[in-house]
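Asker: Every letter in the sequence shown is one number past the one before it in full-length UniProt numbering, and letter 156, counting from 1, is 156.
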Amino acid sequence: MLQRVHPTSTFLIKTTVAGLFHDQREDRYSPQLLGISLSQSVDCAFTGVDRFGLSGRVKTGNGRGDGSVTAVWKRVAGNVNLENTISLSADTVALTCRAARNVFTRAAIIVQPQLQYSLLHEQFVPSIAMIYSMKLHTRWQGSIVLNISPMANALTTTMVHTENNHAKAVGSLTLSPVNSNVRMVYYIRKPENDSVTEMSVQLTPYGVNPAISMDRRLSRYSRVSCSFHFSFPSCLLYTKFKLKAGQSSFDWQIVLCDDKEALSRSVLYGVAAPYFAFQLVKVVFRPWWERFKMMFEDHSREQEVDVVKKEEAANIVNLMRATAERIKRDEESKQGVVIESARYGQCDVSGTRSYPLAGERTIDVTVPLQAMVNDSQLRVYTVKSQLPGFYDPCPGEPKMLTVRYFFRGEEHSCTVADEMPLMLPLRAHRLSSEQT
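1. Enumerate in chain order the residues of its own chain whose CB-to-CB distance from R51 is below 7 Å, with the five nearest sequence positions on each side excluded.
2. Mind the definition here: the stretch 88-98 touches the stretch 108-128 only if three or more C-beta pairs lie below 8 Å; say whether that holds.
3. Can you tell me the Cα-Cα spacing of T204 and T157, whole angstroms?
4. Quick check on this structure: which residue in E83, Q123, F124 and L401 has the alpha carbon closest to the alpha carbon of I110?
5. So, are the CB atoms of L35 and G61 less than 8 Å apart?
6. Does K260 pass the burial test, meaning 16 or more other C-beta atoms within 10 Å, or should it be called exposed?
7. Can at least three beta-carbon pairs, one atom from the stretch 417-433 and one from the stretch 395-402, be found at a separation below 8 Å?
8. Could you tell me the boundaries of the beta strand (DSSP E) in which S9 lies?
9. Among Y381, C347, N318 and D375, whose alpha-carbon lies nearest the alpha-carbon of G366?
10. Exposed or buried, which one is S413 when buried takes at least 16 other CB atoms within 10 Å?
11. Closest to residue 438 by CA distance: which of R361, I327 and K293 is it?
12. Applying the criterion that 16 or more other CB atoms from any shown protein chain within 10 Å of the CB defines a buried residue, is T436 buried or exposed?
13. Are the CB atoms of Q114 and S133 within a distance shorter than 8 Å?
14. Thinking R216 and S195 are a contact (beta carbons under 8 Å), I'd like their distance in whole angstroms, please.
15. Would you list the residues sitting across from N102 in a DSSP beta bridge?
16. Return the CA-CA distance between H6 and T70, expressed in angstroms with no decimal places.
17. Whole angstroms is fine: what's the gap from D375's alpha carbon to G336's?
18. Taking the beta strand (DSSP E) that F52 falls in, what are its first and last residues?
19. Any idea which residues DSSP pairs S37 with across the strands?
20. Please name the residue, chosen from A108, E290, F228 and A262, that lies closest to A211 on a Cα-to-Cα basis.
21. Out of I339, L424 and T362, which has the shortest C-alpha to C-alpha gap to L378?
22. Would you check if the stretch 271-289 and the stretch 179-199 touch, i.e. whether three or more CB-CB distances between them fall below 8 Å?
23. Can you give me the C-alpha to C-alpha distance between Q24 and T138, rounded to a whole angstrom?
24. Kindly give me the distance between the Cβ atoms of E411 and R404, rounded to whole angstroms, as I take these residues to be in contact under 8 Å.
25. Applying the criterion that 16 or more other CB atoms from any shown protein chain within 10 Å of the CB defines a buried residue, is K384 buried or exposed?
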């Protein structure tokens with residue numbers, strides 16, 4: 001159902017703590033809630049070429065509520081991707097059509113006309129956007145966007161440098177009578193912890209807007225990120241925390257500074273002090289910190305049985321069966337080691353390292369062990385899951401090997417932990433009335 005409907009939701013809270021960092025005590029004020037926003041959407045497939053999406057958004061701020069609803073219909077018509085969108089809000093009604101088509105092997109063109117009706121001014125505002133995108137090189141992608149509307153025209157060109165199918169650097173230039181700007185973005189990715197650091201800066205006629213964002217994997221289906229944004233000369237500084245769990249996102253935006261005179265105190269007490277306090281807590285309370293991180297670790301992939309190794313083990317057992325039967329007949333003729341049954345797998349929690357007990361997740365390894373008997377002896381010193389015909393039926397859990405065999409007409413039995421050697425035959429394994 002998740003793959004067919006694609007539900008998403010976003011919850012955003014905006015707060016300000018800028019009043020705590022004013023120099024004068026009489027100018028300080030307590031933290032305030034600026035606004036809350038909630039949005040949800042679904043994207044369903046009706047047929048093989050048609051999709052329908054519905055999204056809604058509500059928000060409140062400064063004592064005023066607002067909201068919007070959007071319906072999207074997407075259709076693939078041959079080489080053309082069509083997308084029609086209707087958006088309804090308290091102030092406007094907008095109809096947008098989008099058509100995308102590949103014109104060359106490495107290029108595509110997108111035409112997006114829009115008709116917007118303003119309920120407040122009771123007038124129609126048409127506009128159109130034309131996009132030309134082309135792959136310039138193996139690692140370079142370029143695009144040109146032309147927006148034409150009665151309000152303002154804009155021309156934007158963008159260059160993207162990719163690395164391992166991910167954006168490495170992005171540069172864009174926008175020319176517009178309203179707000180021309182230059183934006184540059186650089187990404188640093190660390191595959192070992194699946195983290196991404198994004199550094200960006202935007203230059204406009206009104207100032208400079210640098211930002212840094214750090215995003216990393218928290219568990220298999222969740223991610224956490226933190227970002228800082230600064231605007232100069234307005235000296236607006238705010239941070240944003242984001243937690244994404246599955247298809248849901250929870251954002252918390254905190255304004256740290258909105259006044260030039262309080263900038264130094266905001267950076268010191270709102271950024272530097274919390275950061276060093278966090279690092280100090282990690283060092284002092286390291287065992288508790290490691291335990292806290294383990295709460296979010298996901299070992300479900302590690303605990304899944306390797307299907308490929310399971311199939312390979314089954315094929316190897318089939319190939320070893322004839323050899324095992326021949327060795328078994330030879331051992332029976334001279335009353336040597338004859339494997340009656342052997343199981344490898346999970347250890348029961350009630351057992352110990354000296355006396356392991358078999359659990360529920362075990363596999364039959366009678367044939368591989370019989371095929372490894374040589375001159376009425378069997379010696380195994382390696383980890384059992386690496387043996388031919390074996391595989392790990394319970395990844396991440398302690399394992400054991402239990403064997404019942406006949407030697408000189410007497411029944412024997414033994415159970416050893418996975419890391420302990422297996423040596424057959426031994427007098428201590430004998431199950432007889434004298435032994436018991």
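In this text, a Cβ means the ideal position worked out from N, Cα and C, and glycines have one as well.
Answerer: On the basis of the supplied data:
1. For the purposes of this step, residue 51 is taken as the residue at position 51 of the sequence shown. Cβ contact annotation for R51 (same chain, cutoff 7 Å, sequence separation greater than five): D43, C44, A45 and K74, in chain order.
2. yes
3. Residue mapping note: residue 204 aligns to position 204 of the sequence shown, counting from 1. Residue mapping note: residue 157 aligns to position 157 of the sequence shown, counting from 1. The straight-line gap from Cα to Cα measures roughly 15 Å.
4. Taking the sequence shown and counting its residues from 1, the one referred to as residue 110 is at position 110. Per the Cα distances, E83.
5. Numbered from 1 along the sequence shown, position 35 holds the residue referred to as residue 35. Numbered from 1 along the sequence shown, position 61 holds the residue referred to as residue 61. Rather than Leu, the amino acid found at residue 35 in this sequence is Gly. Yes, Cβ-Cβ distance for G35 and G61 is below 8 Å.
6. Counted from its first residue, the sequence shown places residue 260 at position 260. Under this definition K260 is an exposed residue.
7. yes
8. In the sequence shown, counting from the first residue as 1, residue 9 sits at position 9. First-last of the beta strand (DSSP E) with S9: T8 to T16.
9. To locate residue 366, count along the sequence shown from 1; it is residue 366. Looking at the sequence provided, one finds Thr at residue 366 rather than Gly. For the residues Y381, C347, N318 and D375, the minimum Cα distance to T366 belongs to N318.
10. Within the sequence shown, residue 413 is the residue found at index 413, counting from 1. The residue is exposed, with fewer than 16 neighbouring Cβ atoms inside 10 Å.
11. This structure cannot settle anything about residue 438, because the visible part of the chain is limited to 1 through 436.
12. Stepping through the sequence shown from its first residue, residue 436 is reached at position 436. Summary for T436: the model assigns pLDDT 38, below 50, so the residue's position carries little reliability; its value from the coordinates is reported in the next sentence. By the 10 Å Cβ count, T436 comes out exposed.
13. Locating residue 133 in the sequence shown gives position 133, counting from the first residue. Locating residue 114 in the sequence shown gives position 114, counting from the first residue. In this structure, Q114 does not lie closer than 8 Å to S133 by Cβ.
14. As a position in the sequence shown, residue 216 is number 216, starting the count at 1. As a position in the sequence shown, residue 195 is number 195, starting the count at 1. The pair is a contact, with the Cβ atoms about 4 Å apart (cut-off 8 Å).
15. Here residue 102 refers to the residue found at position 102 when the sequence shown is read from its first residue. In the DSSP output, where bridge partners are listed per residue, N102 has A108.
16. Within the sequence shown, residue 6 is the residue found at index 6, counting from 1. Within the sequence shown, residue 70 is the residue found at index 70, counting from 1. Taking the straight line from one Cα to the other gives about 16 Å.
17. Position 375 of the sequence shown holds residue 375. Position 336 of the sequence shown holds residue 336. Between D375 and G336, the C-alpha separation is close to 8 Å.
18. For the purposes of this step, residue 52 is taken as the residue at position 52 of the sequence shown. Unbroken beta strand (DSSP E) run through F52: D50 to G61.
19. Walking along the sequence shown from the start, residue 37 turns up at place 37. DSSP output for S37 lists L12 and K59 as bridge partner(s).
20. Mapped onto the sequence shown, residue 211 falls at position 211. Closest by alpha carbon: F228.
21. Against the sequence shown, residue 378 aligns to sequence position 378. Of the residues I339, L424 and T362, the one whose Cα lies closest to the Cα of L378 is L424.
22. no
23. Here residue 24 corresponds to residue number 24 of the sequence shown, with the count starting at 1. Here residue 138 corresponds to residue number 138 of the sequence shown, with the count starting at 1. Looking at the two C-alpha atoms, the distance is approximately 57 Å.
24. Sequence index remark: in the sequence shown, residue 411 carries index 411 (1-based). Sequence index remark: in the sequence shown, residue 404 carries index 404 (1-based). Contact holds; Cβ gap of about 7 Å.
25. One-based indexing of the sequence shown puts residue 384 at position 384. Looking at its Cβ environment, which holds 16 or more other Cβ atoms inside 10 Å, K384 is buried.
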